[in-house]
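For reference, the structure discussed in these notes is given below.
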Ligand code: UD2
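In the numbering used here, the protein residues as written are 7 to 330.
Okay, structure coming up:
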């Protein structure tokens with residue numbers, strides 16, 4: 007189904023909008039003059055992430071599986087940005103059924119609510135995890151997915167439901183496969199938090215970081231504000247319904263180089279401690295963003311240096327606030 011190139015929206019709902027990525031989407035939408043509503047159960051998100059937006063965000067405390075609440079939240083919105091999920095791969099391995107209740111049934115609830123509330127478009131957060139450990143680089147959307155964790159299966163299932171909701175019910179759905187997202191507000195507190203958030207915290211406490219494996223594995227690190235902007239583009243781009251897009255930078259860096267770069271900026275000289283590779287750790291991850299560029303007009307605005315400087319300033323501030 008094609009839709010007009012004039013498509014735009016004035017009010018959006020962000021599920022998981024108090025989380026790391028969702029709150030940056032809220033920032034970008036508010037800056038772009040859109041009305042923003044957020045639904046979040048605060049299981050991993052925090053109101054601190056939205057505090058600076060004050061009453062420019064209409065916040066609803068609740069779970070996406072609460073059908074009545076979600077329907078009320080979605081009414082009057084033209085687009086839903088669906089970020090609410092259990093985002094830890096490890097947790098999905100430990101609790102596949104419990105996490106599927108959120109990541110699969112929760113997403114189905116969001117799509118079905120969109121149908122009932124007359125929401126025009128749903129932009130869903132998917133993941134590079136769907137590619138698994140296929141050594142072919144860069145990852146292109148047409149490659150055969152090879153999910154290797156319940157998390158990856160859940161995200162791939164989301165993509166299938168999204169396509170079906172487009173085909174069966176005419177809802178405009180768009181899935182964004184995020185690569186390794188980093189930036190301010192990423193919570194470093196679990197061992198499975200993003201490596202950049204952990205390394206930043208180590209840099210300010212002076213503790214050496216742990217590098218799993220030889221550190222020569224590489225990742226495509228994408229700055230969270232670029233991810234948020236990709237969402238806005240996916241919210242308005244014409245003729246992309248039912249589509250799947252990588253959101254990365256098209257460049258990759260090793261974990262060793264990442265630590266060197268962070269340590270140099272922090273002015274410390276701490277060698278990492280090496281530990282055995284994590285089970286299931288993939289060697290390389292690199293996106294092709296050709297499709298996102300061609301169809302969404304997406305190009306990352308932040309190169310690694312600029313993104314890491316902004317992120318570092320945020321963690322430095324956080325470390326100083328903690329120590330006073
Ligand atoms: C990312 C996503 C995950 C999933 C997966 C798909 C994040 C936070 N996680 O997992 O949700 O989509 O990609 O493949 O974006 N490392 C260290 N020391 C540390 C922490 C990590 O050496 O203290 C290494 C880790 O072993 C890995 C790399 O750094 O090789 C990146 O780790 P990560 O946990 O940030 O992200 P990843 O790629 O495992």
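We put the beta carbon where it would ideally sit given N, CA and C, even for glycine. As the structure is a computational prediction, the values presented were derived from the model and not from experiment.
query, result
"Residues of its chain near residue 162, where Cβ-Cβ distance is below 7 Å and the 5 sequence neighbours each way are ignored", "136, 151, 153"
"Residue 159 versus residue 105 - alpha carbon distance", "11 Å"
"Status (buried if at least 16 other CB within 10 Å, exposed otherwise) for residue 11", "Because the pLDDT at residue 11 is just 49, under 50, the model does not fix this residue reliably, and the point stays unresolved."
"DSSP beta-bridge partners of residue 83", "Answer is none; residue 83 lacks a bridge partner."
"Same chain, Cβ closer than 6 Å to residue 216, five either side skipped, listed in chain order", "279, 281"
"Contact check, residue 221 vs residue 262, beta carbons under 7 Å", "yes"
"Exposed unless 16 or more other CB atoms sit within 10 angstroms - verdict on residue 302", "buried"
"Bridge partners - residue 259, DSSP secondary structure assignment", "225"
"Separation of residue 271 from residue 124, as counted between CA atoms", "49 Å"
"Whole-angstrom distance between residue 248 and residue 172, CA atom to CA atom", "6 Å"
"Residue 24 versus residue 236: straight-line alpha-carbon distance, rounded", "18 Å"
"Cα-Cα separation, residue 203 to residue 18", "29 Å"
"Residue 27 Cβ short of 6 Å to the ligand UD2 heavy atom set", "no"
"Cβ shell of residue 31 (< 6 Å), same chain only, five flanking positions each side left out", "20, 87, 234, 237"
"Backbone CA spacing between residue 321 and residue 210 [nearest angstrom]", "8 Å"
"Cut-off 6 Å between Cβ atoms - residues of its own chain near residue 64, not counting five sequence neighbours on either side", "43"
"Cutoff 7 Å: residue 224 Cβ touching any chain D Cβ", "The question asks about chain D, but that chain is absent: this structure has only one protein chain."
"Opposing strand residues paired with residue 45 [DSSP bridges]", "21, 66"
"Of the listed residues 269, 138, 257, 275, nearest to residue 296 (C-alpha basis)", "257"
"For residue 117, the first and last residue of its enclosing alpha helix (DSSP H)", "113–123"
"Chain-order list of residues whose beta-carbon lies under 6 Å from that of residue 318 (same chain, five-residue window excluded)", "271"
"Residues near residue 16 by beta carbon distance below 8 Å, same chain, minus five either side", "40, 41, 84"
"Completely contained beta strand (DSSP E) runs for the stretch 133–176, where each covers 3 or more residues", "none"
"Proximity of residue 129 and residue 241 at Cβ, strictly below 7 Å", "yes"
"Contact between the stretch 186–203 and the stretch 137–148 (3+ Cβ pairs under 8 Å)", "no"
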